[in-house]
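Student:
Protein chains in written order, with our numbering: chain A, 95 to 243; chain B, 95 to 243; chain C, 95 to 243; chain D, 95 to 243; chain E, 95 to 243; chain F, 95 to 243.
Here it is, written out as structure tokens:
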């Protein structure tokens, strides 16, 4: 039960992966954004039905952010991703959009942080695009769904 | 009830703030990260009590990310922040860390996205530093607390 | 008839704008991307009619690149833009997309380089998204249309 | 005849290259910048003959931009380049500078976008450095010359 | 005698400049790079006399790095610089290049860190360009020369 | 005795590493920051003894900068680092902090520039955090200690 990024004295420490073998790795993460009223959710849903750009902008933001993960999370290693995908599920009863990302790499370290960064920034982008009509959205349930190697 | 970043046909659109007057603006946002067991939470808490670097790394990551907000959120304007602060509250009963950011600017547009980005990346950084011993943390309750002008 | 970014000996030089007064400035630029056959152009046009994401991705790339102009063009000053817009015109007879950007700032220096960077990267993004079916697109007519102060 | 970066419903999509094998790949691209008068072209040429820094600045800007391609073109994969070169040809009869880039990688995906980005930003940099004396330059003929694997 | 970037408990802290008034500010900094032998220094000097690109590349790297200061130094505020200049002095007796930067801003905070970053990265760039023939260069005397307001 | 980054005419040139074989490589570099008085040095040392954040912030800044080396040093290749570490040694008699970095990669080119960038930015960050009480610190002795392959 040790910290991945602290040495024995509690100082920040980047893991040494120089002896790890590159291999196919993938990670899946999710996030949820909840609107404050049914009316606000329907405004978003209606825009999506008319092919408004909200979810496209969010997807691109998430993909771009995933590539910047090592600049954002201080002790992450830079890696090359072979694939990033982001999908959205709208749930009217819950007034929610669920965001799911999949990231793949052939490098020597896991990519759960990339998958988590992708959904977080995608969610913040939806927030940014809807904040003019809903000032009380909440982003939650950011978590790892799966990690394979 | 209009989208801040879509034109009338649903296309992505950046708001024109050229006629807005610069003024003192501030925003406060929060996020919560919940550990999956009391034992895991206590591992983190114990490290913090010994002045381990987890929260310092998270704070710096959040501050640095706030400065990059306009690169991360596609339709955000670049602004100059006059202050960014991030504070942490540990709650043992809830196995949670609450993260609170305050951002200030003297520019011509609000900075809630900077405050929200700061707490989101700070939370992801805590996740990154603790994921070796807790694989089931959840980040939630990312929301705006206050916006003043 | 002097170089804006060379000193009298021909060395690279960044203009000193410390005595210039901030004021409302705008610039408009354009670029054209030409497909190699009518069939290829119609593939793109058809996708746009069905609200495919090509032009949205290009618009976002152009907007994001405009914000990065000072990182891309070595002797450009960092500025804060108050607005960036990018519009597309499809011309079937010419097998072309014309891309037009408008950038605004209230800072102390012109923003034609931001407007030109926006259309250039938007054009490259269209190229990237269509290169699987047209390997002979050409980007041309990148020029300044208007500069006001 | 499919889009490389759209799924079947027209949504933005990043290609999955996780099954592709790394191999030596290269790409060559070009761009042209045309001055608005012979006099303006000769001002530039004369500066180059005296070893003024215009083309050096443009070369460096192009090399640096090539490294940033995946940040600029949203659906491009990050890759490691093993070589980037940029050369310039001055043509007095055409009042033009032709810019030619060569990029190499040993990764699992093509690098034409890097080569195209390099010449585009090099051309914009020449524009920036000459815009004080020529306000009507035009950048054109940005295209791929060669792609090998 | 307090730390500018620590709170009273020793935690990292970004100074709040929201009440400071924008004004003309400048800073000058220097750095020195010393070659390990006279022969190595003369190789560099000879290249400079023939207008080789070493110092131009170093100057551009320094200017570009100054613009990135707030991304490099965690608790620095983002500012807009109105001018950055870098000059080089070759001293044959000392086998040294002295690098001097001048930075200006009209913003609400000092820019000594930008001036110091500029000379540091310019020095590292000279190191990079000469390391094939001199493996024992030393960079020293990085310091602030002047700060005005 | 040739320049690594100039062609035979003295023009900037990026080395072609496409034929080089990836292998384990490491580099160690150091830098020193000297305080202007014993009293100032003791202020810093006292803060470190109380686990103040100065050195943690400097370490993170150095690690993050190492990842950005190819963006900072124009002719450096982008590489993936498998490890970055930064250690600090305080010397009261010398009123100095010595900063030592270790960088590792499995790529096809050396990483001394990453190790040198790490210590330089770490030193500048200490400068930034102490400049409120010591305006005359000097950074020196930036040099390569070791390079292995």
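Where is the CB? At the ideal position from N, CA and C, for every residue including glycine.
(1) Which same chain residues end up closer than 8 Å to residue 101 of chain A when comparing Cβ atoms and leaving out the 5 residues on each side of it in sequence?
(2) Output yes if chain D places a C-beta closer than 8 Å to the C-beta of residue 154 of chain E; else output no.
(3) Between the segment 230-239 of chain E and the segment 203-216 of chain E, are three or more C-beta pairs nearer than 8 Å?
(4) How many Å lie between residue 141 of chain D and residue 146 of chain E at the Cα?
(5) To which residues of the same chain is residue 170 of chain C closer than 7 Å at the C-beta, ignoring the five residues directly before and after it?
(6) Just list the residues that DSSP pairs residue 238 of chain C with in beta bridges.
(7) Quick check for students: name the residue ranges of the beta strand (DSSP E) that lie wholly in the segment 145-191 of chain C, counting only runs of 3 or more.
(8) Only counting the same chain, and skipping five residues up and downstream in sequence, which positions put a Cβ closer than 8 Å to that of residue 111 of chain E?
(9) Taking 8 Å as the threshold (C-beta atoms), are residue 180 of chain D and residue 205 of chain D in contact?
(10) Can you find a CB in chain B that lies within less than 8 Å of the CB of residue 213 of chain F?
(11) Taking residue 159 of chain F as the query, report the chain E residues whose CB atoms sit under 7 Å from its CB, ordered along the chain.
(12) Can you find a C-beta in chain B that's less than 8 Å from the C-beta of residue 175 of chain A?
(13) Can you have a look at residue 168 of chain E and say buried or exposed, based on whether 16 or more other CB atoms are within 10 angstroms of its CB?
(14) What separation, rounded to the nearest whole angstrom, lies between the Cα atoms of residue 139 of chain A and residue 177 of chain C?
(15) For residue 130 of chain E, name the three-state secondary structure that DSSP assigns.
(16) Excluding the 5 residues preceding and the 5 following residue 148 of chain D in the sequence, name in chain order all residues of the same chain whose CB lies nearer than 8 Å to its CB.
(17) The alpha helix (DSSP H) with residue 221 of chain B in it runs from where to where?
(18) Would you verify that the beta carbon of residue 108 of chain A is, or is not, closer than 8 Å to some beta carbon of chain F?
(19) Determine, using beta carbons only, whether residue 155 of chain C and residue 210 of chain D come nearer to each other than 8 Å.
(20) Out of F:104, F:243, F:152, F:194, state which residue places its alpha-carbon closest to the alpha-carbon of residue 151 of chain E.
(21) Here's the rule I'm using: 16 or more other beta-carbon atoms within 10 Å means buried, otherwise exposed. How should residue 199 of chain B be labelled?
(22) Comparing alpha-carbon positions, which option in A:218, A:99, A:241, A:134 lies nearest residue 238 of chain B?
(23) With DSSP as the reference, identify every bridge partner of residue 96 of chain F, one or two as the case may be.
(24) Excluding five sequence neighbours on each side, which residues of the same chain lie with their C-beta closer than 6 Å to the C-beta of residue 153 of chain B?
(25) Using beta carbons (cut-off 8 Å, strictly below), is residue 179 of chain D in contact with chain F?
(26) Residues of the segment 196-210 of chain A with a CB closer than 7 Å to any CB of chain D: list them in chain order, please.
(27) Name, please, each residue of chain E whose Cβ falls closer than 7 Å to the Cβ of residue 112 of chain C.
(28) Can you give me the Cβ contacts of residue 121 of chain A inside the same chain, cut-off strictly under 6 Å, excluding the 5 residues immediately before and after it?
(29) Under 8 Å, Cβ to Cβ, is there at least one residue of chain B near residue 163 of chain C?
(30) Please return the same chain residues whose Cβ sits closer than 8 Å to the Cβ of residue 254 of chain C, not counting the five positions on each side in sequence.
(31) Can a CB atom of chain A be found closer than 8 Å to the CB of residue 308 of chain D?
(32) Just to confirm, are residue 130 of chain A and residue 228 of chain A a CB contact at a threshold of 8 Å?
(33) Taking the DSSP output, what are the residues bridged to residue 202 of chain E?
(34) DSSP three-state call for residue 137 of chain F: helix, strand or coil?
(35) Against chain F, does residue 145 of chain B count as a neighbour if the rule is that its beta carbon must be under 8 Å from one of theirs?
(36) Show which residues of chain C have a CB atom less than 7 Å away from the CB atom of residue 234 of chain B.
Tutor: With the structure as the only source:
(1) Cβ neighbours of residue 101 of chain A beyond the five flanking positions: 107.
(2) Chain D, which has a Cβ nearer than 8 Å to the Cβ of residue 154 of chain E, makes this yes.
(3) The segment 230-239 of chain E is in contact with the segment 203-216 of chain E.
(4) Spanning the two alpha carbons is a distance of roughly 15 Å.
(5) Spatial neighbours of residue 170 of chain C in its own chain (CB-CB distance under 7 Å, excluding positions within 5 residues in sequence) are listed in chain order as 163, 164, 207.
(6) Note: residue 238 of chain C sits in a beta bridge opposite C:123.
(7) The DSSP assignment places complete beta strand (DSSP E) segments of no fewer than 3 residues inside the segment 145-191 of chain C at 175-185, in order along the chain.
(8) If you ignore the 5 residues before and after residue 111 of chain E, its C-beta comes within less than 8 Å of the C-beta of 171, 202, 203, all in its own chain and listed in chain order.
(9) Contact flag unset, no.
(10) Answer no: the Cβ-Cβ gap between residue 213 of chain F and chain B never drops below 8 Å.
(11) Taking a Cβ-Cβ threshold of 7 Å, the residues of chain E close to residue 159 of chain F are 166, in chain order.
(12) The beta carbon of residue 175 of chain A sits no closer than 8 Å to any beta carbon of chain B.
(13) Label assigned to residue 168 of chain E: buried.
(14) Distance between the alpha carbons of residue 139 of chain A and residue 177 of chain C is about 27 Å.
(15) In the three-state scheme derived from DSSP, where H, G and I count as helix and E and B as strand, residue 130 of chain E is classed as coil.
(16) Excluding sequence neighbours, residue 148 of chain D sits near 138, 141, 142, 220, 223, 224.
(17) Here the alpha helix (DSSP H) through residue 221 of chain B covers 206-224.
(18) Cβ-Cβ to chain F under 8 Å: yes for residue 108 of chain A.
(19) Between residue 155 of chain C and residue 210 of chain D, the CB-CB gap reaches or exceeds 8 Å.
(20) Checked all of F:104, F:243, F:152, F:194; the closest Cα to residue 151 of chain E is F:104.
(21) Buried is the call here.
(22) The residue among A:218, A:99, A:241, A:134 with its C-alpha nearest the C-alpha of residue 238 of chain B is A:218.
(23) As DSSP reads the structure, residue 96 of chain F sits in no beta bridge.
(24) Within the same chain, residue 153 of chain B has close Cβ partners 180.
(25) True, the Cβ-Cβ gap to chain F drops below 8 Å.
(26) Against chain D - using a Cβ distance shorter than 7 Å - the residues of the segment 196-210 of chain A are 198, 200.
(27) 118, 176, 177, 198, 200, listed in chain order.
(28) 197, 205, 206, 209, 241.
(29) Chain B contact via Cβ: absent.
(30) No information on residue 254 of chain C is available, as it lies outside the stretch 95 to 243 that chain C covers here.
(31) Absent from the model: residue 308 of chain D. The displayed extent of chain D is 95 to 243, so no value can be given.
(32) Yes, these two residues count as a Cβ contact at 8 Å.
(33) Answer by DSSP bridge pairing: none, since residue 202 of chain E is not bridged.
(34) It is helical.
(35) Answer yes: the Cβ-Cβ gap between residue 145 of chain B and chain F drops below 8 Å somewhere.
(36) None at all; the shortest Cβ gap to chain C is about 28 Å.
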